[in-house]
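As you go down the protein sequences, you meet chains P and C in turn. Those letters in the first sequence? Residues 31 to 214, per the working numbering, in order. Those letters in the second sequence? Residues -15 to 408, per the working numbering, in order. Don't be surprised by glycine CBs; every beta carbon is placed ideally from N, CA and C. Remember, it's a predicted structure, so these values are computed and weren't measured experimentally. Data first, discussion second: the structure below is written as structure tokens.
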Amino acid sequence: MNKIFWPVLLALTVSACSTTGGKEATVEDRTGSGTAATTPAAGAESTGVSGAGVAGSALPGDAGDPRKDPASPLSKRSVHFDFDSYVVKDEYRPMLEAHAGYLAAKRDARVILQGNADERGSREYNLALGQKRAEAVRKALAVLGVSDAQMEAISFGEEKPRNEADTEEAYAENRRTDVVYGDE
Amino acid sequence: MLRAVLLFPLLCLALLCAPFSARAAMEIQVIGGAANKIAVAMVPFQAASGQPAPALSQIAGDDLERSGRFRRVGLEGAPQPVAPAQVDYSVWRGKGADALVIGQVAALPGGRFEVRFYLLDVIKHTQLAGYSYNISAGQWRATAHQIADIIYERLTGTRGAFSSRIAYVQKQGKRYELKVADADGQNPRTVVRSGESVISPRFSPDGSRLVYVSFEDRKPVVYVQSLKDGSRRKVAAFKGSNSAPAWAPDGRRLAVVLTRDAASQIYLINADGSGLARLTRGGNLDTEPVFSPDGKTLYFTSDRGGSAQIYQMAVSGGEPRRVSFSGSYNVSPAVSPDGKSLAYINRDEGRFRVVLHDLATGQIRVLTDTARDESPSFAPNGQAVLYATVLGGRGILGTVSLDGQTRARLSESGVDAREPAWGP
């Protein structure tokens, strides 16, 4: 019985742990510590306990991080696409140039390009369509000089819709690529 | 007789998962059926003395009716024989029965039971089958499905698929569970729980493993999991997305879709994650590969012609050939066990429906009347297709016979079911 029990328990535990981080992946919600993806509670709990005497060093995500500054184009993270289109529109050029500049200046920074699709049709086909959107942004950044080693294009397909409604507006909102940094 | 070796670990798994999973099973609703159904009288099996009546004939009868090829004959006022010598065939002929099923249960030492059953031809007055099973108290359903398989095979000439299993993903709120259940949706067991999506489960050809795509690593990764002990490993976790796994008929290799080198392309990889080889090349999107039963051909979905269509190519390589031509969206191919037809999803005027494509004639038949169908897969005997659809805003599973005349819906209130796969 034990032989059977442990692998199952382990599998369940592993999936439970790793999925906690996955849920935190929404770009716009990130205000705390950059390590939140792996240890979600750490950032929140460490403030306000030890008093003013403790010296703190700024973590990525604090006010000094230009990626979190609403005035900076680096705070813009979503590239939306027209229906059945995989072309990055001109309006996203300033945003992508800003990210390319940031990545060129910080060679240890990594960026994940998360493609998404609307919910109509096959999940696997939509996964591949989301990948095309992620790939389009990856290529645009490559043209702007970002090295391949700093980028990973992946797809969530229709599995993580930002808008779960069954409307054309929701579909449009879900046809996009999000730019997410590795330390976020 | 029963697959005791296979069943035992699964039961253990079910026990383990019991605290985590709602054990509610799906409800079945059958619609339509063949014009000429075989009339079967299913006499309730005589219980062992002092034991409750087993549901054997009820479960087997439900199986047969769900296939659309049988109807049950009313038993009002008829005697209830338990052995062939006791049968008065004129009574059953008078009730319009073509066949009669009788049986009995005896208690054995150690809490086990012996189940005997006979299938009799009412017209010829002959015995068509007679079997005895030595079972544990946890094997009533499995025994009933085996009895249904024998009845189905003797009376139709095609082997039954009632003892097979299905896998599907249930979504409740933000929780995802990959489940394995009997083909009738009963006896569900949770094999993966996650806070992120799981898609594309597929049984290995021997039914001992599942391959699936999990998003728990913040990207799609392909896992192979043993159904015997629950252990699992990542077989494809390359840079980029890893998805759309399909077993080769030998159970040793998988086709997967990776984006590590370029756009979504099809690769072959050993089931242990070794021996990666790229199969399709180009800047187009290739996905949803599936092997022909002889393992020589792959069918897959591609946008290389400007719209989503089904293509085929030799596993040894070469130029893909387009297979589907009707409409601008044909996806998710499944190959019939005899390799002669494909089931896939066709979009027509905004409706996504399951179609059956005869590969020899090119003839296409729409099998369903719903609008949001996905993920078709064939029964192991090739007589029905399992698929997901949306009804009343909720994901449900459905089966449809190949003539489109019999449909069954499997649903559980309050939960979404999706991504079904029919296994051995």
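Item, Value
"Using three-state DSSP, classify residue 203(P) as helix, strand or coil.", "helix"
"Determine, for residue 189(P), whether the minimum Cβ-Cβ distance to residues of chain C falls below 8 Å.", "yes"
"Starting from residue 47(C), trace the alpha helix (DSSP H) in both directions and tell me its first and last residue.", "40 to 50"
"Run down chain C in chain order and give the residues with a C-beta less than 8 Å from the C-beta of residue 133(P).", "Within chain C, no residue comes near residue 133(P); the closest Cβ sits about 17 Å away, beyond 8 Å."
"What is the residue span of the beta strand (DSSP E) that residue 14(C) lies within?", "11 to 16"
"Do you know offhand how far residue 221(C)'s Cα is from residue 172(P)'s?", "23 Å"
"When DSSP labels each residue in this structure, what does residue 453(C) get in the three-state scheme?", "Nothing about residue 453(C) can be reported from this structure: the residues present for chain C run from -15 to 408 only."
"Run through chain P and tell me which residues come within less than 8 Å of residue 271(C), C-beta to C-beta.", "154, 155, 157 and 158"
"On the criterion of 16 or more Cβ atoms from any shown chain inside 10 Å, does residue 135(P) qualify as buried, or is it exposed?", "exposed"
"Within the same chain, show all residues whose beta-carbon is closer than 6 Å to that of residue 392(C), passing over the 5 residues directly before and after it, in chain order.", "12, 14, 50 and 383"
"Under 8 Å between the Cβ atoms of residue 271(C) and residue 291(C)?", "no"
"Which whole runs of the alpha helix (DSSP H) in the region 73 to 160 of chain C are 4 residues long or more, in chain order?", "73 to 78 and 124 to 140"
"How would you label residue 300(C), buried or exposed, when you count the other beta carbons within 10 angstroms and need 16 or more for buried?", "exposed"
"Between residue 180(P) and chain C, is there a C-beta pair that is closer than 8 Å?", "no"
"If I measure Cβ to Cβ from residue 36(P) and keep anything under 6 Å in the same chain, skipping five residues before and after, which residues do I get?", "Because residue 36(P) carries a pLDDT of 42, less than 50, the predicted location of this residue cannot be relied on, and the following value inherits that uncertainty. Result list for residue 36(P): empty, nothing under 6 Å."
"Excluding sequence positions up to five away, which residues of its chain have a Cβ less than 7 Å from the Cβ of residue 22(C)?", "53, 54, 82, 83 and 139"
"So, at 6 Å on beta carbons, what are the nonlocal neighbours of residue 65(C) in its own chain, with the 5 sequence-adjacent residues on each side left out?", "71 and 86"
"8 Å is my cut-off, CB to CB: does residue 186(P) come that close to chain C?", "yes"
"What three-state label does DSSP hand residue 312(C) in the structure shown?", "coil"
"Alpha carbon to alpha carbon, what distance is there between residue 155(P) and residue 6(C)?", "Its pLDDT being 39, under 50, residue 6(C) is placed unreliably by the model, and the measurement read from it follows with that caveat. The straight-line gap from Cα to Cα measures roughly 31 Å."
"Chain P partners of residue 313(C), CB-CB under 8 Å?", "151"
"Take every Cβ of the region 150 to 165 of chain P, pair it with every Cβ of the region 312 to 320 of chain C, and state whether three or more of those distances are shorter than 8 Å.", "yes"
"Which runs of the beta strand (DSSP E), 3 residues or longer, sit entirely within the region 85 to 152 of chain P?", "108 to 110 and 141 to 146"
"Put residue 173(C) into one of helix, strand or coil per three-state DSSP.", "strand"
"Which of the residues in the region 164 to 180 of chain P, read from start to end, lie with their CB under 7 Å from any CB of chain C?", "165"
"Tell me the DSSP secondary structure of residue 223(C) in three-state form.", "coil"
"Under 7 Å Cβ-Cβ, which residues of chain P neighbour residue 227(C)?", "154 and 157"
"Considering only the beta carbon of each residue, do residue 223(C) and residue 182(P) sit closer than 8 Å?", "yes"
"Between the alpha carbons of residue 283(C) and residue 104(P), how many angstroms are there, rounded?", "43 Å"
"Let me make sure I understand the geometry here. Which of 242(C), 192(C), 343(C) and 151(C) has the alpha-carbon closest to that of residue 305(C)?", "343(C)"
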